[in-house]
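Here is the structure we will look at.
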Amino acid sequence: MRRGGGAGVPAGAGAGASGGGAGVNLPALRSHNAALVLDLLRTAGEAGISRIELAERTGLTPQAVSKIVGRLREAGLAAEAGRRASTGGKPRTVLRLLPSAGHAVGLHLDRDELTAVLLDLSGTRVASRTAPLDLGAGADAVLAGAAGEVRELLAGSGGGEARVLGVGVAMPGPLDHATGVPHRVTGFPQWDGYPLRDALAARLRLPVVLDKDTNAAALGLALRGPGDSFAYLHLGTGLGAGLVLGGALYRGARTGAGEFGHQVVQLDGPACGCGNRGCVEALCLAAVARGDIAGAARVLGVGAANLVELLDIDRVVLGGRVVDAAAEEFVRGVGAVLAARSRVPVTAVGGGGRTVAEGAAQLVLAPVFGRARAAFTANEDAVGNEDAVGNEDAVGNEGAVGTEGAVGNEGAVGSEGVPANEDAAASEGE
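Read left to right, the sequence shown gives residues 9 to 438 (the numbering used here).
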């Protein structure tokens, strides 16, 4: 039985229009500097921010900021939000982001359930749906169901005026984020080599980006975090990790990092779906199945302690449906194991089952605000192009979040590594 939530916000082009739909004119974001300004407008919220403050925080000249703000206002991305008293001279005009000017869809394809969310530019969830899913039903059936849920999500959210920038998809790994192709997903080897990203993009006629469920969740947490290093451990139908090092999501040279659940901790342990024995995932899920939450937490804690000692991270964050159902017990149990070996804090993320889906939507939104460092692999030469996984097309496939000039063309959001204060006014003639 499907469940829906949220209404009353224009949902965008829907699935039938190539590259999004009518609405915001995103070529206004063609420079890295414009993305920096837009990100400050986003973080300022309803209170807004003045042009002077924008110049101070970006290192841009006031003239450059005025030109960028003018473009953003013309594009429908920003508006005046009143005036604010200044220490001297006339009151300053305050500007704010218009969150409804664009949206991103996030899809979480779990082994037995699909969750879809629609986020506006501020990252606020404006609609959501859940539906049963059989990840083993075959690619055509899964993608048909996913595309249908996206169409229902957009149709049920109120109209067709705002641009849908793209669709972020998160699923169990391993997979290749750079090419959008799953590998031998644990328990579902039939997905190996299937061009999921491109196939779904063709069905929806929208840009699509694919990543692991744990990476998507970790990205969402990193974007609102302090820029530290942490591991997000997701225990649901499987077990995996999303790694954030120095504020940036780490995928590894082949985008395969984070297969945390398949570290062997008991040589003669139970068989795991990956083919090994005694994996942390197999031991955790076996303990959960027999109702031994304390035992599952201890096993998870052993794996977490190994990870902390290996990477010297600052904190551990727990999530997933199994953790959600007994958050206090897992935090206490994992924390007890860690306390004997380190002083790293342990928390549970909560999120009502939408953490992964909302993180998937952020795969699309992050580059819009110049947050590509958080969204893409920390090793910028890992995949062999200048912007790693997201080269000049922002989200990984040709035209992704850049169709018809949306976010990825003409230098994209941060392509070529343009610094925030590189003579500002000289960039694009500003």
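Quick reminder that beta carbons are idealized off the backbone N, C-alpha and C, glycines included.
At what residues does the alpha helix (DSSP H) containing Thr-363 begin and finish?
363–373
Which of the three DSSP states, helix, strand or coil, is assigned to Glu-317?
helix
How would you label Ala-75, buried or exposed, when you count the other beta carbons within 10 angstroms and need 16 or more for buried?
For clarity, residue 75 is Lys in the given sequence; the question names Ala instead. Classification of Lys-75: buried, given that the 10 Å Cβ count is 16 or more.
What are the boundary residues of the alpha helix (DSSP H) that Glu-337 is part of?
335–347
Counting only the same chain and skipping the five closest in sequence on each side, list residues whose C-beta sits under 6 angstroms from that of Gly-264.
Excluding sequence neighbours, Gly-264 sits near Pro-182.
Taking the continuous alpha helix (DSSP H) assigned at Thr-51, which residues delimit it?
Note, Thr-51: alpha helix (DSSP H), 40–52.
Alpha carbon to alpha carbon, how far is Leu-371 from Arg-133? Give it in angstroms, no decimals.
So the two alpha carbons sit approximately 15 angstroms from each other.
Just checking my contact of Phe-268 with Leu-315 at CB under 8 angstroms: how many whole Å lie between their CB atoms?
7 angstroms between Cβ atoms; contact.
For the alpha helix (DSSP H) containing Val-288, list its first residue and its last residue.
Val-288 -> alpha helix (DSSP H) spans 288–297.
Gly-327 bridges to which residues according to DSSP?
His-242
Are three or more beta carbon pairs between the region 348–363 and the region 97–109 nearer than 8 angstroms?
no
Buried or exposed for Ile-321, please, with buried defined as at least 16 other CB atoms from any protein chain shown within 10 angstroms of its CB.
buried
Do the region 75–91 and the region 294–314 make contact, defined as three or more Cβ pairs closer than 8 angstroms?
no
Can at least three beta-carbon pairs, one atom from the region 109–129 and one from the region 144–163, be found at a separation below 8 angstroms?
yes
Just to confirm the assignment, what range does the alpha helix (DSSP H) spanning Asp-221 have?
221–231
Within a Cβ cutoff of 7 angstroms, which residues of the same chain sit near Gly-341, ignoring the five residues on either side of it in sequence?
Ala-302, Ala-305, Arg-306, Gly-309
May I ask which residues mark the beginning and end of the beta strand (DSSP E) holding Leu-141?
Element bounds for Leu-141: n/a, residue is neither H nor E.
Among Leu-48, Val-216, Arg-104, Ala-279, which has the Cα closest to the Cα of Glu-64?
Leu-48
Please list the terminal residues of the continuous beta strand (DSSP E) segment that includes Val-354.
For Val-354, the enclosing beta strand (DSSP E) has its first and last residue at 354–356.
Could you pull the start and end residues of the beta strand (DSSP E) that Arg-81 belongs to?
Element bounds for Arg-81: not the beta strand (DSSP E) but the alpha helix (DSSP H), 70–82.
With DSSP run on the structure shown, which of helix, strand or coil describes Leu-275?
When DSSP states are grouped into helix, strand and coil, Leu-275 belongs to the coil group.
In this structure, how does DSSP classify Arg-262 when only helix, strand and coil are distinguished?
coil
What number of angstroms, rounded off, separates the C-alpha of Ala-52 from the C-alpha of Arg-298?
The alpha-carbon of Ala-52 is positioned some 48 angstroms away from that of Arg-298.
Would Val-90 pass as a contact of Leu-227 if the rule is Cβ separation under 8 angstroms?
The sequence given here has Gly at residue 90, not Val. Taking a C-beta distance under 8 angstroms as the contact criterion, Gly-90 and Leu-227 do not qualify as a contact pair.
Is the Cβ-Cβ distance between Asp-200 and Pro-190 less than 8 angstroms?
yes
Identify whether His-270 lies in helix, strand or coil by the three-state DSSP scheme.
helix
Over what stretch of residues does the alpha helix (DSSP H) that includes Thr-66 continue unbroken?
Annotation: the continuous alpha helix (DSSP H) that includes Thr-66 extends over 59–66.
Leaving out five residues before and five after Gly-146 in sequence, what residues of the same chain have Cβ atoms less than 6 angstroms from its Cβ?
none
Under three-state DSSP, which class holds Pro-190?
strand
For the putative contact between Pro-180 and Gly-250, defined by C-beta atoms under 8 angstroms, what is the C-beta separation to the nearest angstrom?
That belief does not hold up - the Cβ atoms of Pro-180 and Gly-250 are roughly 12 angstroms apart, past 8 angstroms.
Rounded to whole angstroms, what's the CA-CA distance from Val-77 to Leu-173? Just pull it up for me.
21 angstroms
Please list the terminal residues of the continuous beta strand (DSSP E) segment that includes Val-125.
121–128
According to the Cβ coordinates, are Gly-286 and Val-272 closer than 8 angstroms?
Less than 8 angstroms separates the beta-carbon of Gly-286 from that of Val-272.
Relative to the C-alpha of Asn-223, which residue among Gly-195, Leu-204, Leu-257 is closest?
Leu-257
Tell me which residues share the same chain as Glu-54 and place their Cβ nearer than 8 angstroms to its Cβ, disregarding the 5 neighbours each side in the sequence.
Ala-89, Arg-104
Buried or exposed for Tyr-240, going by 16 or more other Cβ atoms inside 10 Å?
buried
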